[in-house]
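Enquirer: One structure coming up, written as structure tokens, with questions to follow.
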Amino acid sequence: MLLLIFHITMFSPSYSSNQRPVVDKIEPPNWWVGMKWNRLQLMIYGQDLTDVSVSFQTDKLSAHVVNTNSSYAFVEVGISPSLSA
3 MLLLIFHITM FSPSYSSNQR PVVDKIEPPN WWVGMKWNRL QLMIYGQDLT
53 DVSVSFQTDK LSAHVVNTNS SYAFVEVGIS PSLSA
């Protein structure tokens, strides 16, 4: 199984240390390479997620934030067919 680590970053001029995003849960909690579909949508639940962006530590994954509010962020993830576990 492939464990993926991603970063959530705030881009706001009024950003302060007490407004950092907190991630409580990510659905689905796991996934793997070689799935039938090379795209999946993650639902991130937490606090202060309004202006988050998502990035991965590899160029074989891409992320597009679809929708956010203060408690939820929906992120579409593209998985390269050449990504190995």
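One gets our numbering by counting positions in the sequence shown from 1 and adding 2 to each.
The beta-carbon is built from N, C-alpha and C at its ideal position, and this holds for glycine as well.
In angstroms with no decimal places, state the Cα-to-Cα distance between Ser-73 and Val-56.
Expert: Start at 1 with the first residue of the sequence shown, and residue 73 comes out as number 71. Start at 1 with the first residue of the sequence shown, and residue 56 comes out as number 54. So the alpha carbons of these two residues sit roughly 15 Å apart.
Enquirer: So which of Asp-50, Tyr-47, Pro-30 has the shortest CA-CA distance to Val-79?
Expert: Here residue 79 is taken as the residue at index 77 of the sequence shown, counted from 1. Residue Pro-30 is the option with its Cα nearest to Val-79.
Enquirer: Are any of the Cβ atoms in chain B nearer than 9 Å to that of His-66?
Expert: The question asks about chain B, but that chain is absent: this structure has only one protein chain.
Enquirer: Can you tell which of Met-45, Ala-87, Lys-62 has its C-alpha closest to the C-alpha of Asn-71?
Expert: Position 69 of the sequence shown, counting from 1, holds the residue named residue 71. Here the closest residue by C-alpha is Met-45.
Enquirer: Quick one: grab the DSSP three-state call for Gln-21.
Expert: The residue given as residue 21 occupies position 19 in the sequence shown. It is helical.
Enquirer: Comparing C-alpha positions only, which one of Gln-43, Ser-82, Thr-52, Leu-63 sits nearest to Gln-21?
Expert: The residue given as residue 21 occupies position 19 in the sequence shown. It is Thr-52 whose Cα lies nearest to the Cα of Gln-21.
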